[in-house]
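Q: After the structure tokens below, expect a handful of questions from me.
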Amino acid sequence: MDKTDEWTVSSETPFLDRRGDSEGPCQMDQFEIESGQDPGEIVISPLTTSYKEEILYVLKSSMPVLLTFILQFCLQSLIPMYYAGVQGKDVFAACSLSIALFYISGPVIVNGFSTALDTLCATAYGAGSYSKVGVYYQRCTTILLFMFVPISLFWLFPGPFVNSVSEDPQIVEMCSSFLSQMVMVAPPLVIFECTKRYLQAQAKFIVATTVMALALPLSVILCHFFTEKYGYLGPAYSLISTYWIIALFIVFYLYRFDDHQCWNYHITAKVIFQGWGQFAALGFPGIMMVFAESFAHRIITFLSAKFGTVELASQTIVTTVSAFSWQIPFAMGICSSVRLAYYIGARSENYKIVLKVAFGTSCIISVLNSLFTVCSRNWLPLIFTRDQELIDYSSKLFLIVSFNQIGDAINAIFSALLRGQGKQRAGSLMNFIAYYVVAVPLEVLLGFYFNLGVTGLWIGMLIGVFVLSSMEVYLVASTDWHDVMVRSSAFI
């Protein structure tokens, strides 16, 4: 093996300045490496990092990622939900159902499929194959744009599905009208999410944060304006406008300010349209991994609609807050995943420290999230409503949700570690078992048969999440890391 193929990652070397190839980015004829190709002998460099360095990296890197997800959560859910809530319980319920359906059929597909970039881009970047990072980004964006053609048809004609989850004709009508507007969201959604992950793979975490921060005040102004003018459809129009704004902002950064280290100017249509099998092997299990989790949480919302408007609105409140607090471990998981994939590509034993830091982080964050939910359960509903019945019911649900936060935080970090090593398929299988073999049947049993209502739904979810987090911890702990590095040769 050539000297340039042996990776030594020094703690004194800045993350963005490390080089694995003294001759620069890989050439076009190196792009298509089949998974079955013999990668040859793997030379793994010894530890060159420390617990202190990796902890500081996670804390420093996760802050902009956390802010990005919090701002994105506000733009995508919190702001539209607030302006729907001030229009009354019926509009609030219809908007919550619409956003839930939009999320599982739009952002979930993009976020799930683009987990392939978490594996491919970060690993290639760690190996010094910079041009290949850009090719992966361009391919993923193209694939997702094609995938949204059939998804747009569902948004245009959602009536049959909406009728199956709500018996209120007014809510069905408002929800169908809301979703039909979402067709215009598809292009900017794909462009922003893929570009964000492309930049994150290069440790450029602050870019997406800046974009979201610039878009936040515009989103509030637009939502207020459209709500005043169009009523219950105001949040939908605001969501569309906001996505186009953030997509244009991040593309402008890419064009004007990025160093273009990983961009390939000479890529052809032939290169973009080949190698899709590699993305399918990672992307579709990634979709199932994210979809299984997201839809399982949305099932609680759909089932809550069977109990009445108060139950549905209260469930929406606790789910929104739960998702908000989940952003903290999720952000740390993203950073740990990028770091892990980087060291895998760099053939460095530094991955061992990354794993231990990730485990300690998950334990601390899970406890803090749970305590926050318990201590603030009485005032959190006031963010969304002044209806006392909703406040009281939501406060009771938060007690159950607080225990769910423990398993949720562990799951957020360890599922990211699985994506970092390219195990989306195993992750999707575990998600399916935990949510649809364990959680959902228990939800139906406890919620309807034992008449525990929405509380029973959350108890079932709680058990499923703990089963999932336990399986993920076991799988990461028992990983053959030499084999992972051998398999990663197909990516670099």
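In this text, residue positions in the sequence shown follow UniProt numbering: the first is 1, and each later residue adds one. Note that beta-carbon positions come from the ideal geometry of N, C-alpha and C, so glycine has one too.
Please list, in chain order, all residues of the same chain as Arg-487 whose beta carbon is under 6 angstroms from its beta carbon, the five residues on each side excluded.
A: Counting only Cβ-Cβ distances below 6 angstroms, and skipping sequence neighbours, we find nothing.
Q: Taking the alpha-carbon positions, what's the Val-440 to Tyr-103 distance?
A: About 19 angstroms.
Q: Give the list of continuous alpha helix (DSSP H) stretches no shorter than 4 residues that lie fully inside the segment 113-191.
A: List check, alpha helix (DSSP H) in window: 115-126, 130-156, 159-165 and 169-180.
Q: For the alpha helix (DSSP H) that contains Trp-326, what are its first and last residues?
A: Per DSSP, Trp-326 belongs to the alpha helix (DSSP H) from 309-345.
Q: Is any beta-carbon of chain D found at less than 9 angstroms from that of Thr-361?
A: Given the protein chain composition of this structure (a single chain), no chain D is represented.
Q: For Phe-113 versus Gly-286, is the C-beta spacing smaller than 9 angstroms?
A: Going by C-beta atoms, Phe-113 is nearer than 9 angstroms to Gly-286.
Q: Count the C-beta pairs between the segment 212-222 and the segment 261-275 that are closer than 8 angstroms, then say yes if the count reaches three, no if not.
A: With the cut-off at 8 angstroms, the segment 212-222 and the segment 261-275 do not touch.
Q: Between Ile-70 and the rest of its own chain, which residues show a CB-CB distance below 6 angstroms, the 5 nearest in sequence each way excluded?
A: Result list for Ile-70: Gln-327, in chain order.
Q: Check whether the Cβ atoms of Ile-459 and Leu-446 lie closer than 9 angstroms to each other.
A: The answer is yes: Cβ separation under 9 angstroms.
Q: Hey, is the segment 248-258 in contact with the segment 82-92, meaning 3+ C-beta pairs nearer than 8 angstroms?
A: The segment 248-258, when compared against the segment 82-92, does not touch it at the 8 angstroms Cβ threshold.
Q: CA-CA distance, Ser-394 and Phe-92?
A: Each residue's Cα considered, the two are about 15 angstroms apart.
Q: Can you check which of these residues, Ile-246, Val-357, Val-465 and Val-473, is closest to Lys-52 by C-alpha distance?
A: For Lys-52, the nearest C-alpha among the options comes from Val-357.
Q: Grouping DSSP H, G and I as helix and E and B as strand, with all else coil, what is Ser-376?
A: Here Ser-376 sits in coil by DSSP.
Q: For Trp-481, which residues of its own chain have a beta-carbon under 6 angstroms away from its beta-carbon, when the five flanking residues on both sides are left out?
A: Contacts found: none.
Q: Under the assumption that Ile-463 contacts Leu-429 (Cβ atoms under 8 angstroms), give the Cβ distance between them as a whole number of angstroms.
A: At roughly 18 angstroms, the Cβ-Cβ gap does not stay under 8 angstroms, so Ile-463 and Leu-429 are not in contact.
Q: Can Phe-291 and Val-108 be called in contact, C-beta distance under 9 angstroms?
A: Yes. Within cutoff.
Q: Does Val-454 pass the burial test, meaning 16 or more other C-beta atoms within 10 Å, or should it be called exposed?
A: Looking at its Cβ environment, which holds 16 or more other Cβ atoms inside 10 Å, Val-454 is buried.
Q: Please classify Ser-50: does DSSP put it in a helix, a strand, or coil?
A: Three-state DSSP puts Ser-50 in coil, outside helix and strand.
Q: Cutting at 6 angstroms between CB atoms, please list the residues of its own chain near Gly-407, excluding the five before and the five after it.
A: Val-465, Phe-466 and Ser-469, listed in sequence order.
Q: Where do the ends of the alpha helix (DSSP H) carrying Ser-395 lie?
A: From DSSP, the alpha helix (DSSP H) with Ser-395 extends over 388-420.
Q: Between the beta-carbon of Leu-312 and the beta-carbon of Ala-305, is there less than 9 angstroms?
A: Cβ distance < 9 angstroms, so Leu-312 and Ala-305 count as in contact.
Q: So is Glu-293 buried or exposed if we call it buried at 16+ other beta carbons inside 10 Å?
A: Result: buried.
Q: Which term fits Tyr-474, buried or exposed, when burial requires 16 or more other beta carbons within 10 angstroms of its beta carbon?
A: Exposed, by the Cβ-count rule.
Q: Using three-state DSSP, classify Ser-45 as helix, strand or coil.
A: Looking at Ser-45 - three-state DSSP - the assignment turns out to be strand.
Q: By the three-class DSSP mapping on this structure, what secondary structure does Ser-348 have?
A: Reduced to three states, the DSSP call for Ser-348 is strand.
Q: Got a sec? Which residues, its chain only, sit under 8 angstroms from Ile-400 by beta carbon, not counting five neighbours each side?
A: So the list reads Thr-455, Trp-458, Ile-459 and Leu-462, once near-sequence residues are dropped.
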